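Its first residue numbered 60, the sequence shown is counted upward by one per residue in the working numbering. C-beta atoms are modelled at their ideal positions from N, C-alpha and C, and glycine is treated no differently. The model shown is predicted, which means the values in this text are computed figures rather than measured ones.
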Amino acid sequence: MVMAADPAGRGNKAVFLDRDGVLVIPEFRDGRSYAPRSLEGYELYREAGACLAQLKAAGFLLVVVTNQPDVGAGLVDRRDLEKMHEILREALPVDTIEVCTHTAEQRCFCRKPNPGMLLQAAERLGIDLARSFMVGDRASDAAAGAAAGCQTAFLDLAYAAETPPEHVDFRATSLSIITDWILARDSTFGAPQ
Ligand SMILES: [Mg+2]
Numbered sequence: 060m061v062m063a064a065d066p067a068g069r070g071n072k073a074v075f076l077d078r079d080g081v082l083v084i085p086e087f088r089d090g091r092s093y094a095p096r097s098l099e100g101y102e103l104y105r106e107a108g109a110c111l112a113q114l115k116a117a118g119f120l121l122v123v124v125t126n127q128p129d130v131g132a133g134l135v136d137r138r139d140l141e142k143m144h145e146i147l148r149e150a151l152p153v154d155t156i157e158v159c160t161h162t163a164e165q166r167c168f169c170r171k172p173n174p175g176m177l178l179q180a181a182e183r184l185g186i187d188l189a190r191s192f193m194v195g196d197r198a199s200d201a202a203a204g205a206a207a208g209c210q211t212a213f214l215d216l217a218y219a220a221e222t223p224p225e226h227v228d229f230r231a232t233s234l235s236i237i238t239d240w241i242l243a244r245d246s247t248f249g250a251p252q
């Protein structure tokens with residue numbers, strides 16, 4: 060359900076969430092995380108439900124933005140991807156799931172670090188990006204969030220082969236710490252300095 064814009068005339072606020080490593084337990088290979096390739100390996104983090112419920116209660120739209128190049132490359136079946144997202148929608152109060160199935164070689168505008176998925180969802184759902192947040196576990200998530208004009212939080216899972224983002228508004232090692240930060244930031248938004 061999409062909420063009406065607030066009385067001050069601002070758009071909706073949203074939290075954009077990367078999928079793998081943030082909501083879904085990723086597969087770890089060679090010091091990096093990857094999307095599970097089958098339903099057998101597909102499992103949500105236990106803390107995700109409580110975190111998203113808190114964000115929802117604070118009035119945020121919850122938008123999943125996920126690169127799934129394995130679908131474009133034929134390594135993940137499109138029907139499995141749909142089933143994975145059905146499970147996610149049933150378990151968590153997300154408003155929409157934006158998916159980019161292109162490979163890096165296709166150079167599309169929707170694949171993070173580009174902000175296309177965030178901008179499209181913002182247009183469709185009337186989202187005020189400056190009041191919104193992007194949460195992810197890779198530098199490309201932070202880059203997409205910053206390019207869209209959102210505040211950014213980096214979930215640091217200590218990937219050996221991944222360079223953490225240089226510029227990010229907040230870093231933490233769990234989604235619950237990031238949730239607390241977002242709620243604190245949101246409560247001071249627009250307040251006199
Ligand atoms: Mg990720």
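Say yes only if the C-beta of residue i is nearer than 8 Å to one or more non-hydrogen atoms of ligand 1, and no if none qualify.
{"i": "S246", "result": "no"}
Which residue or residues does DSSP assign as beta-bridge partners of residue i?
{"i": "T232", "result": "In the DSSP output, where bridge partners are listed per residue, T232 has none listed."}
{"i": "L121", "result": "V74"}
{"i": "V194", "result": "L76, A212"}
{"i": "V135", "result": "None, per the DSSP bridge assignment."}
I'd like the span of the beta strand (DSSP E) that includes residue i, first residue to last.
{"i": "A112", "result": "Where A112 is concerned, there is no enclosing beta strand (DSSP E), although the alpha helix (DSSP H) it sits in stretches over 107-116."}
{"i": "L178", "result": "Run containing L178: none in the beta strand (DSSP E); it sits in the alpha helix (DSSP H), 175-184."}
{"i": "V153", "result": "Segment: none, V153 is in no beta strand (DSSP E) and carries neither H nor E."}
{"i": "Y93", "result": "91-93"}
{"i": "E86", "result": "86-88"}
The alpha helix (DSSP H) with residue i in it runs from where to where?
{"i": "P128", "result": "128-131"}
- prompt: So, do the region 152-172 and the region 89-100 have three or more beta carbon pairs nearer to each other than 8 Å?
  reply: The region 152-172 makes no contact with the region 89-100, as fewer than three CB pairs between them are under 8 Å.
message: Tell me which residues pass a beta-carbon proximity test against ligand 1: closer than 7 Å to any heavy atom, given in chain order.
response: Listed along the chain, these residues meet the criterion: D77, R78, D79, G80, V81, P85, S92, G195, D196, R197, D200.
query: When the Cβ atoms of the region 181-190 are set against those of the region 222-240, are three or more pairs found closer than 8 Å?
result: Segments in contact, no.
- prompt: Can we say the region 232-248 touches the region 105-113, given the rule of at least three CB pairs closer than 8 Å?
  reply: Because the criterion of three Cβ pairs below 8 Å is met, the region 232-248 and the region 105-113 touch.
field: Segment contact, 8 Å Cβ cut-off, at least three pairs: the region 70-79 with the region 122-137
entry: With a cut-off of 8 Å on Cβ pairs, the region 70-79 is in contact with the region 122-137, counting three or more such pairs.
- prompt: Does the region 132-139 touch the region 166-176, meaning 3 or more C-beta pairs lie closer than 8 Å?
  reply: No contact exists between the region 166-176 and the region 132-139.
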